[in-house]
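Chains A and B supply the protein sequences, listed in that same order.
All residue numbers for the first sequence refer to full-length UniProt numbering, where the first residue is 1 and numbers rise by one.
All residue numbers for the second sequence refer to full-length UniProt numbering, where the first residue is 1 and numbers rise by one.
Beta carbons: idealized from backbone N, C-alpha and C, even for Gly.
Read through the structure below, which is laid out as structure tokens, and then see the notes.
Number of protein chains: 2
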Amino acid sequence: MDRLACYDCGETYAFGDAVRCRCGEPLWFEPDTASFDWSDASGTTGGDATLGRDTLWRYDSVLPAAAPTGFAAAAGGTPLFRAPSIEPTDGPRIHLKVEGVNPTGSFKDRGTAVGVCRADGPIGTVSHGNMALSVAAHAAAADREAVILVAEDTPDSRLAMIAQHDPHLFRVRGDYGRLYRDTVDGDLGAAFLNSDAPLRVAGQKTVAYEICEAFAPDAPDAIVLPVSSGGQASGVWKALRELDAAGLLPSVPRIYLAQAARCDPIARAYRRGRSRVEPVEGEPTAAVSINNADPPSGNRALAAVAETDGGVVSVAEEAMIDETDRLAADAGVSVEPSCAVATAAVRELATAGEFDAADDVAVILTGSGYKYGPSDPDTASVREVDRTDVPAAVRDAVS
Amino acid sequence: MDRLACYDCGETYAFGDAVRCRCGEPLWFEPDTASFDWSDASGTTGGDATLGRDTLWRYDSVLPAAAPTGFAAAAGGTPLFRAPSIEPTDGPRIHLKVEGVNPTGSFKDRGTAVGVCRADGPIGTVSHGNMALSVAAHAAAADREAVILVAEDTPDSRLAMIAQHDPHLFRVRGDYGRLYRDTVDGDLGAAFLNSDAPLRVAGQKTVAYEICEAFAPDAPDAIVLPVSSGGQASGVWKALRELDAAGLLPSVPRIYLAQAARCDPIARAYRRGRSRVEPVEGEPTAAVSINNADPPSGNRALAAVAETDGGVVSVAEEAMIDETDRLAADAGVSVEPSCAVATAAVRELATAGEFDAADDVAVILTGSGYKYGPSDPDTASVREVDRTDVPAAVRDAVS
């Protein structure tokens, strides 16, 4: 369980001996899953079997950490349901995996939970969003120190949300991309659970285990998700490789990644048929959580797409905003624009003939839209009325 | 399953024939649970068994609605874990039931899910907070019209959050308490899923089913929760009555309710040994979600406490704020002050000798603190640092 491997050159390392491969690419844990079966999923929550429900620890036999008790035991186990109301005409069946229903409101809790259970000492991360909040909260719950490094322009409202969990919180002046590499390369006295840390990727893969188990013995035709650093895409691909090795997939789902057109380095490399991602000069976008111009696991994300015969989609800003509104108004699910980009991509892929009505597509909605509020607050639909006029106004509205 | 009963005078009605009892008290569904056993809990999610995890529909045999597919199938099934870090010295074991991990971030989704699956036509509610958001989202997901009536002073940020789900949204000038009664008494062309609507209370009771099943064949010594209208307290009491009738409780957990001292009509009646709640002139409090000066199910909440030998606690404003901070910083759980009032009450009850170290206390944390952000945003702990100084600053912080 403690073997790390490079997806690209195949080099292996013992956990703790390396953070990235000598070839430059990120590593991941390489458990032997050839004999894994769904019956190995334990059906209990962590080590606290009397007090909980199924969570990601259902898959502890393929994870590099033992099932915990407490807050970390609560990560994962999110709902998955079909949403016919947002399916395009003649398009695929869309199944929403709602990751906002995690303890800190995003998919990041999966990797953090596994990380905090395995890493010793203080834990840290470079993030100003979902990952920062997740690491700060899990550290607080585990009575561990947390080091959170945020960019200079992080708004105070986000800082306050992170600060409530009482981490060591630093607002850092300077190049954010280099700051990321500093924490990977240097010894800062804390275990940095960054987007492509092997412990995090091991936790993130469980979302695909959950999706595939829900469809077993069948499998979805495709899994669609937003991509930023490439860490979550790596996790999904890792899960599919492991489940394929175990003989549990009748066919391997195609992985499709979605980016905002204003900052789409992985999509650009895909369109050009490249296997290496080049940094871009991104523009500001409402998809703040995936606004990553130099993704550290970008090459691995490209490989996930290539190996599964999937694709990468650039979504225009307006289509992404429209899709955010559609998910809330028609599917009841409030998400960040950074998530809506994934169902918007399904719409484009259906139009392009990549999906048809017989396809089952699972879409990972990575985070809750309630946490930061609507990106475009709109109260124009609110009607003002006197109490005595309510009955007539309501009857008129619903008639 | 369709019999409604009054807890107080015993009168019964068929569902649809009455909203409240002739005696003035609220009604609830009265299923026959004498032969219910935990093995009747189905272990599947709703009618969509291949696509999901355990949720409240595990208990569909005691609910007035059939298990659905889609968004409504995702309500409930929230984590429950022990939080030693916030337990008072020599006090009880505290088990947190984290209801913020529901599709719209609060416990209200339980009642809404059951309501939307059973009520025909448009659905509505009188609320400016968690219930409004929940009803709006579930209606959107089910392709149903929603009517949301909010008070005149509801801030635009909350309205925008509700408005994204595209309900008929009315900001109403006039007496909010009378508005509530208008929707109960009148025919407005929508099924109002207010706090004490029998369908809502049936859904809300499932949180206590989950808590008790987690402890089975034992039971917690007490269940502690915030109280506002008294609807959730009614639901918890109903569940305990049903499980007791089924012979599944070795002893009935005591129900303790917590209010903010600035608006505590139920606590006042309790202190005076009354069985009827009188309206109060409340003061503004940070516990906005439970700031209810004239609770429609207040008498039933008092009865729940009296019948289970529990109590009602008034919590001072400062203790409640401190407890909100403690839950985030020491337990990793961000909640509204309206939730923290419940663990603050545990602290006071332990000091008063009402609990001891041998007791298991389950605390219902009703909603996520991320939704509205920290009530007292504080970024004083943030340190500014240049990138090149990060290694030294981090090593210094964690040493």
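Cross-strand partners of residue i (DSSP beta bridge)
i: residue 447 of chain B; result: Outside the displayed span of chain B (1 to 399) sits residue 447 of chain B, for which this structure offers no information.
i: B/Val361; result: B/Ile94 and B/Ala222
i: A/Gly13; result: Rather than Gly, the amino acid found at residue 13 of chain A in this sequence is Tyr. DSSP lists A/Leu4 as partners of A/Tyr13.
i: A/Asp386; result: B/Arg173
i: A/Ile123; result: A/Ala146 and A/Ala191
i: B/Gly367; result: B/Ser106
i: B/Pro26; result: B/Arg20
i: A/Phe81; result: A/Leu96
i: B/His168; result: B/Val147
i: A/Arg254; result: A/Ala222
i: B/Val335; result: B/Ser368
Straight-line Cα distance separating residue j from residue i
i: B/Ala340; j: A/Thr78; result: 25 Å
i: B/Asp356; j: B/Val224; result: 15 Å
i: A/Glu384; j: B/Tyr370; result: 28 Å
i: A/Asp322; j: A/Ser399; result: 27 Å
i: B/Ala160; j: A/Val62; result: 43 Å
i: residue 445 of chain B; j: B/Gly231; result: Any answer about residue 445 of chain B is impossible in this case: the structure gives chain B only from 1 up to 399.
i: A/Ala136; j: B/Leu179; result: 42 Å
i: A/Gln259; j: A/Ala319; result: 12 Å
i: A/Glu348; j: B/Gly367; result: 36 Å
i: A/Ala74; j: A/Ala197; result: 21 Å
i: B/Tyr176; j: B/Leu133; result: 18 Å
i: B/Ala352; j: B/Leu149; result: 41 Å
i: B/Ser106; j: B/Gly203; result: 13 Å
i: B/Thr125; j: B/Asn292; result: 16 Å
i: A/Phe170; j: A/Ala139; result: 16 Å
i: A/Gly273; j: A/Leu302; result: 10 Å
i: B/Ala304; j: B/Lys205; result: 13 Å
i: A/Asp185; j: A/Leu327; result: 40 Å
i: A/Tyr7; j: A/Cys263; result: 25 Å
i: B/Glu281; j: B/Ala163; result: 30 Å
i: A/Pro155; j: A/Pro284; result: 15 Å
i: A/Gly91; j: A/Ala350; result: 6 Å
i: B/Ala261; j: B/Ala233; result: 18 Å
i: A/Asp48; j: B/Ala83; result: Residue confidence is low: A/Asp48 scores 48 on pLDDT, short of 50, so the model does not pin down where it sits. Its coordinate-derived value is still stated next. Rounded to whole angstroms, A/Asp48 to B/Ala83 spans 12 Å at the Cα level.
i: A/Ala286; j: A/Tyr270; result: 23 Å
i: A/Pro31; j: A/Ala246; result: 11 Å
i: B/Gly22; j: B/Val201; result: Checking the displayed sequence, the identity of residue 22 of chain B turns out to be Arg instead of Gly. Approximately 19 Å, taken between the alpha carbons.
i: A/Val361; j: A/Asn102; result: 22 Å
Counted within 10 angstroms of its Cβ, other Cβ atoms place residue i as buried (16 or more) or exposed
i: B/Gly24; result: exposed
i: A/Cys9; result: exposed
i: A/Pro167; result: buried
i: B/Gly89; result: Per the sequence shown, the amino acid found at residue 89 of chain B is Thr instead of Gly. Under this definition B/Thr89 is an exposed residue.
i: A/Ile111; result: The residue asked about is misnamed: residue 111 of chain A is Gly in this sequence, not Ile. Its Cβ being crowded by 16 or more others within 10 Å, A/Gly111 is buried.
i: B/Ala329; result: buried
i: A/Pro374; result: buried
i: A/Glu152; result: exposed
i: A/Asp60; result: buried
i: residue 400 of chain A; result: Not covered by the structure: residue 400 of chain A. The range shown for chain A is 1 to 399.
i: B/Asp182; result: buried
Under 7 Å by beta carbon: chain B residues contacting residue i
i: A/Glu145; result: Val398
i: A/Ser85; result: Asp143
Listed by chain order, chain A residues near residue i by CB distance under 9 Å
i: B/Thr33; result: Near B/Thr33 there are no residues of chain A at all, since even the closest Cβ is about 22 Å away, more than 9 Å.
i: B/Glu384; result: Glu152, Phe170, Arg171, Val172 and Arg173
i: B/His138; result: Gly332
Cβ-Cβ separation, residue j to residue i (assumed contact under 8 Å), whole Å
i: B/Phe81; j: A/Phe71; result: 6 Å
i: B/Asn130; j: B/Lys108; result: 5 Å
i: B/Glu278; j: B/Pro265; result: 6 Å
i: B/Ser229; j: B/Ser195; result: 4 Å
i: A/Arg387; j: B/Arg173; result: 6 Å
i: B/Asp2; j: B/Pro68; result: That pair is no contact at about 18 Å.
Contact set between residue i and chain A, taken where Cβ atoms lie within less than 8 Å
i: B/Lys371; result: Tyr370 and Lys371
i: B/Arg395; result: Leu188 and Gly189
Listed by chain order, chain B residues near residue i by CB distance under 8 Å
i: A/Ala160; result: Gly373, Pro374, Pro377, Asp378 and Thr379
i: A/Thr69; result: Phe81 and Arg82
i: A/Glu307; result: Near A/Glu307 there are no residues of chain B at all, since even the closest Cβ is about 26 Å away, more than 8 Å.
Neighbour list for residue i in chain A, Cβ cutoff strictly below 7 Å
i: B/Pro122; result: Val398
i: B/Leu149; result: Val390
Interface residues of chain B facing residue i [CB-CB closer than 9 Å]
i: A/Glu99; result: Residues of chain B passing the Cβ test: none, with the nearest at roughly 11 Å.
Contact list for the region 162–192 of chain A against chain D, Cβ threshold 7 Å: Looking at the structure shown, chain D is missing, and the protein chains on hand are A and B.
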